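J.:
2 protein chains.
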Amino acid sequence: MIETRLLRQFIVVAEELHFHRAAARLHMAQPALSQAIAKLEARLGFAALTRSRRSVALTPAGRAFLETAYATLDTLDAGIGRARRVADGVAGRLTIATLSLAGYTPVLETLRAFRRALPEVELDLREMPSARQLEALVAGEVDVALMRELALPAVIETRQVLTEAILLALPTDHPGAKSAASNEPVALGDFAESDFVFTPRALGPGYHHQLMALCQAAGFTPNIQQEAAQLTTLLGLVASGLGVALVPASIARSLRLDGVVFCALAPLPGRPDASLALNVNWHRENTSPLIEDFITRLKSQTRNETLPL
Amino acid sequence: MIETRLLRQFIVVAEELHFHRAAARLHMAQPALSQAIAKLEARLGFAALTRSRRSVALTPAGRAFLETAYATLDTLDAGIGRARRVADGVAGRLTIATLSLAGYTPVLETLRAFRRALPEVELDLREMPSARQLEALVAGEVDVALMRELALPAVIETRQVLTEAILLALPTDHPGAKSAASNEPVALGDFAESDFVFTPRALGPGYHHQLMALCQAAGFTPNIQQEAAQLTTLLGLVASGLGVALVPASIARSLRLDGVVFCALAPLPGRPDASLALNVNWHRENTSPLIEDFITRLKSQTRNETLPL
DNA sequence: GGCCGGTAATACGTGTTGCCTATCATAGTC
DNA sequence: GACTATGATAGGCAACACGTATTACCGGCC
Chain G
25 MIETRLLRQF
35 IVVAEELHFH
45 RAAARLHMAQ
55 PALSQAIAKL
65 EARLGFAALT
75 RSRRSVALTP
85 AGRAFLETAY
95 ATLDTLDAGI
105 GRARRVADGV
115 AGRLTIATLS
125 LAGYTPVLET
135 LRAFRRALPE
145 VELDLREMPS
155 ARQLEALVAG
165 EVDVALMREL
175 ALPAVIETRQ
185 VLTEAILLAL
195 PTDHPGAKSA
205 ASNEPVALGD
215 FAESDFVFTP
225 RALGPGYHHQ
235 LMALCQAAGF
245 TPNIQQEAAQ
255 LTTLLGLVAS
265 GLGVALVPAS
275 IARSLRLDGV
285 VFCALAPLPG
295 RPDASLALNV
305 NWHRENTSPL
315 IEDFITRLKS
325 QTRNETLPL
Chain Y
25 MIETRLLRQF
35 IVVAEELHFH
45 RAAARLHMAQ
55 PALSQAIAKL
65 EARLGFAALT
75 RSRRSVALTP
85 AGRAFLETAY
95 ATLDTLDAGI
105 GRARRVADGV
115 AGRLTIATLS
125 LAGYTPVLET
135 LRAFRRALPE
145 VELDLREMPS
155 ARQLEALVAG
165 EVDVALMREL
175 ALPAVIETRQ
185 VLTEAILLAL
195 PTDHPGAKSA
205 ASNEPVALGD
215 FAESDFVFTP
225 RALGPGYHHQ
235 LMALCQAAGF
245 TPNIQQEAAQ
255 LTTLLGLVAS
265 GLGVALVPAS
275 IARSLRLDGV
285 VFCALAPLPG
295 RPDASLALNV
305 NWHRENTSPL
315 IEDFITRLKS
325 QTRNETLPL
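Each protein sequence line maps, in turn, to chains G and Y.
Residue numbering for the first sequence is 25 to 333, as defined by the numbering used here.
Residue numbering for the second sequence is 25 to 333, as defined by the numbering used here.
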């Protein structure tokens, strides 16, 4: 096996074509260098240098191997530098599972700032529902996940990023839509008899449960007429008059849809305002230094605020 | 400094993610491997592996460095293979100084066969006059030289490749041209009073001297009307009627020029036929294994024959 | 809950090897 | 012909890579 020590020694000898000077540059004695080069040539199986008593010259194979020696050490040095930058958290890749980020201005701003601050870091964004995010996190497929509250295994850490109000989405021609026009909160209990459209429970059990609980607190169990995985699809169903929907405020910020109006919900007596959290989660044993950096930036950007409308 | 031993050890540990199995694959004991990896990490300056008592995993920087380790060893292995092929004379580069090869069919055939037999060898052909070839050979700029006979320093080896007749090139309307038409040799002495065109002495002193000596033997000193470096130019001058010229037979084989006819020379009494040699020369201390190969092929192709007309 | 199997780290001894100093051999130089 | 420059060889030493023995610790299992 050819050690890099031998490569370094060979390079200097090839550059100097003089064992004494080369040995001096290597801070070693000439005999040791002669031995090292002899060992190198024995391992290579061919003569890399021709030595007369007066001069040293490279053979053609030696010239070819010199290129290899340079290339090998360059590859190694560059790779060490790169790996050090990865270890220092200024290079590498951060894979992020997210919900649709359309309405989350502070998160988008964080991503932009992160990319600007760490141009050597590749950001890999993958949009998926909360339940799938958790699977990906546990499986190590992603480094961080931006998702709804969910029951988490102990290895998953979580921090709240922001909260946002829950709004009621109504078809424009719905009787309750006049409240929306006047920007007045509506009482959820007034919609006990309405048809509802919901996202499937399996995609985000926590989210689903929270919306259901909200209805229970308002005194009814929603009559679910139809489910749709995507919020945009859900609002399309609302627009078509199939029912009303409870949605996070972020979707109202990013999507103005003809035929749909959004109403704030009047607070229920004895209960705080209905709001949804967006959390950032990560695997406790994931050693990427980028995770902490990303979360720190995210928190300083959002300061756990409620997303404004 | 990171030795390749450490790279190999790290690669196996990263592949196995298990110190015992990795040590077995490396034919060593586990503690030594633990120490080796610890030393690697100390030199790298970052942790490449996270070890719990139960499991081993790569850090992101470790993953990055693993790529580097593979790339480094690949570069080295490929380079060693390449250099070995260079040493074995099946790869590399052979730089050849030549006269114009147009008429030298056996040499061209050798080049073709060489290229076919050794596709990994780059042939670098450089056309230049004999005197310049010798300089290039001594300076190490070329590996072999195909040139006229010349006084050579002791470090230059030489072998004859082939010989070719010296012909007299005449303008078609020259009184002597009728001999050419009947394919009869002409006596050089008959042209004692003719004007001659010659190549400059400096480009090929041996060649020049040989032609002059031929005229002397025929009893005259040629009246040199004009010089031209290129044989094609020289023959152009002949065609225009400026004079006659002594040229190697190869040029007659490769160049048919309106207004010029070539005549064989009648042997002079007591002298062998007038002929020129094409020699292959190389530097005695040039260690390229391709030189011997090339010369062997050249000789087996030509067998020192006289170039046929 | 204590025991056992599995795993990596630590302690310490040893053989290899990379390097040192001293010397030799040889070729070119004054 | 002695001298100088240069690389190779010889012999010794110390660093280090590796081995054996042991420890430390975690999980699963009876």
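All residues carry an ideal CB built from backbone N, CA and C; glycine is no exception.
Treat the numbers as computed from the prediction; the structure is a model and nothing was measured.
Closest to Y/Thr257 by CA distance: which of Y/Thr223, Y/Lys323, Y/Leu235 is it?
T.: For the purposes of this step, residue 257 of chain Y is taken as the residue at position 233 of the second sequence. The residue with the shortest Cα to Cα distance from Y/Thr257 is Y/Thr223.
J.: Which parts of the segment 94-175 of chain Y are runs of the alpha helix (DSSP H), unbroken and 4 residues or longer, counting only runs that do not cross its ends?
T.: 129-141, 154-163
J.: For the putative contact between Y/Ala163 and Y/Asn305, defined by C-beta atoms under 8 Å, what is the C-beta separation to the nearest angstrom?
T.: For the purposes of this step, residue 163 of chain Y is taken as residue 139 along the second sequence, with counting starting at 1. For the purposes of this step, residue 305 of chain Y is taken as residue 281 along the second sequence, with counting starting at 1. About 13 Å; that fails the 8 Å criterion.
J.: Whole angstroms is fine: what's the gap from G/Cys287's alpha carbon to G/Gly265's?
T.: To locate residue 287 of chain G, count along the first sequence from 1; it is residue 263. To locate residue 265 of chain G, count along the first sequence from 1; it is residue 241. Each residue's Cα considered, the two are about 16 Å apart.
J.: So which residues of chain Y does G/Glu27 contact, with C-beta pairs closer than 7 Å?
T.: Residue numbering aside, residue 27 of chain G sits at position 3 when the first sequence is read from its first letter. Result: Glu27, Thr28, Arg29.
J.: What residues of chain Y sit near G/Ile319, judged by a beta carbon separation below 9 Å?
T.: Residue numbering aside, residue 319 of chain G sits at position 295 when the first sequence is read from its first letter. Simply none; closest approach about 16 Å.
J.: Alpha carbon to alpha carbon, what distance is there between G/Pro153 and G/Gly230?
T.: Translated into the one-based positions of the first sequence, residue 230 of chain G becomes position 206. Translated into the one-based positions of the first sequence, residue 153 of chain G becomes position 129. About 11 Å.
J.: Quick one: grab the DSSP three-state call for G/Phe34.
T.: Against the first sequence, residue 34 of chain G aligns to sequence position 10. Correct three-state label for G/Phe34: helix.
J.: G/Ile120 touches chain Y at which residues, Cβ-Cβ below 8 Å?
T.: Position 96 of the first sequence, counted from the start, is the residue given in the question as residue 120 of chain G. Going along chain Y, no residue has its Cβ under 8 Å from G/Ile120, so there is no contact; the nearest lies around 14 Å.
J.: So with CB distances below 9 Å, who are the chain Y contacts of G/Leu68?
T.: Residue numbering aside, residue 68 of chain G sits at position 44 when the first sequence is read from its first letter. Simply Ile104, Ala107, Arg108, Ala111.
J.: How many angstroms separate the CA atom of Y/Pro209 from the CA atom of G/Ser79?
T.: If you number the second sequence from 1, residue 209 of chain Y lands on position 185. If you number the first sequence from 1, residue 79 of chain G lands on position 55. So the two alpha carbons sit approximately 55 Å from each other.
J.: Could you pull the DSSP bridge partners for Y/Val210 from this structure?
T.: Walking along the second sequence from the start, residue 210 of chain Y turns up at place 186. BP columns for Y/Val210 point to Y/Leu289.
J.: Could you say which of Y/Leu227, Y/Glu251, Y/Ala237, Y/Gln240 lies nearest to Y/Phe220 if we only look at CA atoms?
T.: Within the second sequence, residue 220 of chain Y is the residue found at index 196, counting from 1. Nearest of Y/Leu227, Y/Glu251, Y/Ala237, Y/Gln240 to Y/Phe220, Cα basis: Y/Glu251.
J.: Less than 8 Å between the CB atoms is what I'm expecting for G/Phe89 and G/Ile61, so what's the real figure, rounded?
T.: Walking along the first sequence from the start, residue 89 of chain G turns up at place 65. Walking along the first sequence from the start, residue 61 of chain G turns up at place 37. 12 Å between Cβ atoms; not a contact.
J.: Measure the alpha-carbon distance for G/Thr96 versus Y/Gly103 and round it to whole angstroms.
T.: Numbered from 1 along the first sequence, position 72 holds the residue referred to as residue 96 of chain G. Numbered from 1 along the second sequence, position 79 holds the residue referred to as residue 103 of chain Y. Using only the alpha carbons, I get a separation of about 9 Å.
J.: For the alpha helix (DSSP H) holding G/Pro215, just list the boundary residues, first then last.
T.: If you number the first sequence from 1, residue 215 of chain G lands on position 191. According to the sequence shown, residue 215 of chain G is Phe rather than Pro. Where G/Phe215 is concerned, there is no enclosing alpha helix (DSSP H), given that its DSSP letter is neither H nor E.
J.: Does chain Y have any CB closer than 8 Å to the CB of G/Ala95?
T.: Stepping through the first sequence from its first residue, residue 95 of chain G is reached at position 71. It does: the Cβ of G/Ala95 has a partner Cβ on chain Y nearer than 8 Å.
J.: At the level of alpha carbons, what is the spacing between Y/Tyr94 and Y/Arg67?
T.: Within the second sequence, the letter at position 70 stands for residue 94 of chain Y. Within the second sequence, the letter at position 43 stands for residue 67 of chain Y. Spanning the two alpha carbons is a distance of roughly 18 Å.
J.: My guess is that Y/Pro130 and Y/Gln249 are in contact by the Cβ rule of under 8 Å, so how many angstroms apart are they, rounded?
T.: Here the question's residue 130 of chain Y lines up with position 106 in the second sequence. Here the question's residue 249 of chain Y lines up with position 225 in the second sequence. Between Y/Gln249 and Y/Pro130 the Cβ distance is about 34 Å, and since that is not below 8 Å, they are no contact.
J.: Does the segment 114-125 of chain Y come close enough to the segment 166-184 of chain Y that 3 or more CB-CB pairs lie under 8 Å?
T.: Here the segment 166-184 of chain Y lies against the segment 114-125 of chain Y, with 3 or more beta-carbon pairs under 8 Å apart.
J.: With a cut-off of 8 Å, does the C-beta of Y/Ile88 fall near any C-beta of chain G?
T.: On the second sequence, residue 88 of chain Y is found 64 positions in, with the first residue counted as 1. In the sequence as presented, Ile is not what sits at residue 88 of chain Y; that position holds Ala. It does: the Cβ of Y/Ala88 has a partner Cβ on chain G nearer than 8 Å.
J.: Hey, G/Ala193 and G/Ala269: beta-carbon distance below 8 Å or not?
T.: Indexing the first sequence from 1 puts residue 193 of chain G at position 169. Indexing the first sequence from 1 puts residue 269 of chain G at position 245. Yes.
J.: With a threshold of 8 Å between beta carbons, is Y/Leu149 in contact with chain G?
T.: Here residue 149 of chain Y corresponds to residue number 125 of the second sequence, with the count starting at 1. With 8 Å as the cut-off, Y/Leu149 does not count as an interface residue toward chain G.
J.: Can you pull the chain Y neighbours of G/Thr92, defined as C-beta to C-beta under 9 Å?
T.: Numbered from 1 along the first sequence, position 68 holds the residue referred to as residue 92 of chain G. The contacting residues are Thr99, Leu100, Ala102, Gly103, Ile104, Arg106, Ala107.
J.: Taking just the CA atoms, how far does Y/Val179 sit from Y/Asn11?
T.: The requested residue 11 of chain Y does not occur in the structure, where chain Y is confined to residues 25 to 333.
J.: So what does DSSP say about Y/His232, is it helix, strand or coil?
T.: Counting from 1 along the second sequence, the entry for residue 232 of chain Y is found at position 208. In the structure shown, Y/His232 sits in a helix (DSSP, three-state: H, G or I).
J.: Verify the CB distance criterion: does Y/Ala85 have a CB-CB separation below 8 Å to chain G?
T.: For the purposes of this step, residue 85 of chain Y is taken as the residue at position 61 of the second sequence. Interface residue, yes.
J.: With a CB to CB cut of under 8 Å and the five nearest residues on each side skipped, what residues in its chain are close to G/Leu100?
T.: On the first sequence, position 76 is the one that residue 100 of chain G refers to. Hits under 8 Å: Thr28.
J.: For G/Leu135 and G/Val114, what's the separation of their Cα atoms in angstroms?
T.: Indexing the first sequence from 1 puts residue 135 of chain G at position 111. Indexing the first sequence from 1 puts residue 114 of chain G at position 90. G/Leu135 and G/Val114: Cα-Cα distance of roughly 15 Å.
J.: According to DSSP, is Y/Val271 helix, strand or coil?
T.: Counted from its first residue, the second sequence places residue 271 of chain Y at position 247. Residue state, collapsed to three classes: strand.
J.: Counting only beta-carbon atoms, is Y/Ser124 nearer than 8 Å to chain G?
T.: The residue labelled residue 124 of chain Y in the question sits at position 100 within the second sequence. Y/Ser124 does not count as touching chain G.
J.: In this structure, what does DSSP give as the bridge partners for G/Phe220?
T.: For the purposes of this step, residue 220 of chain G is taken as residue 196 along the first sequence, with counting starting at 1. Looking at the DSSP assignment, G/Phe220 forms a beta bridge with G/Ile248, G/Val268.
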